[in-house]
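Participant:
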Amino acid sequence: MLLNDISEIYAQYSKVQAVYLPEQYQGNEYHSDIAILVVKKTFVFSSHVRPICLDVEQKYKFSENQELYVKSVVPVHSE
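For what it's worth, our numbering labels the leading residue of the sequence shown as 439, then goes sequentially.
(1) Which value, in whole angstroms, describes the spacing of the CA atoms of Ala449 and Ile490?
(2) Which stretch, first to last residue, makes up the beta strand (DSSP E) that contains Leu459?
(3) Taking the straight line between their C-alpha atoms, what separation do you get for Asp471 and Lys478?
(4) Between Val457 and Leu475, which are expected to be in contact by the criterion C-beta below 8 Å, what is the C-beta distance as a whole number of angstroms?
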């Protein structure tokens with residue numbers, strides 16, 4: 439099954455309220471190629487939907503494909 443397969447039984451959907459792109463993003467490199475999406479609906483975490491780690495202060499050096507573990511989840515925005 440493809441990652442963008444809309445028939446995925448574990449998929450959750452929400453409309454996007456806002457998109458934040460890093461000022462450094464150029465569109466042609468991997469550096470700063472991530473956006474933060476503020477969604478209108480809350481997602482339910484499960485074994486198929488997981489949070490990610492963001493090192494926004496760039497405190498750590500990670501190698502490619504290194505596994506990280508989430509210790510806690512702090513909501514960025516709540517209504």
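Positions of the beta carbon are idealized from the N, C-alpha and C atoms, including for glycine.
Quick caveat: nothing in here was measured; it's all calculated off a predicted structure.
Facilitator: Let's see:
(1) Cα to Cα, Ala449 sits roughly 16 Å from Ile490.
(2) Going by DSSP, Leu459 is part of no beta strand (DSSP E) at all; its letter is neither H nor E.
(3) Rounded to the nearest angstrom, the two C-alpha atoms are 23 Å apart.
(4) Cβ atoms of Val457 and Leu475 come within 8 Å of each other, at about 6 Å.
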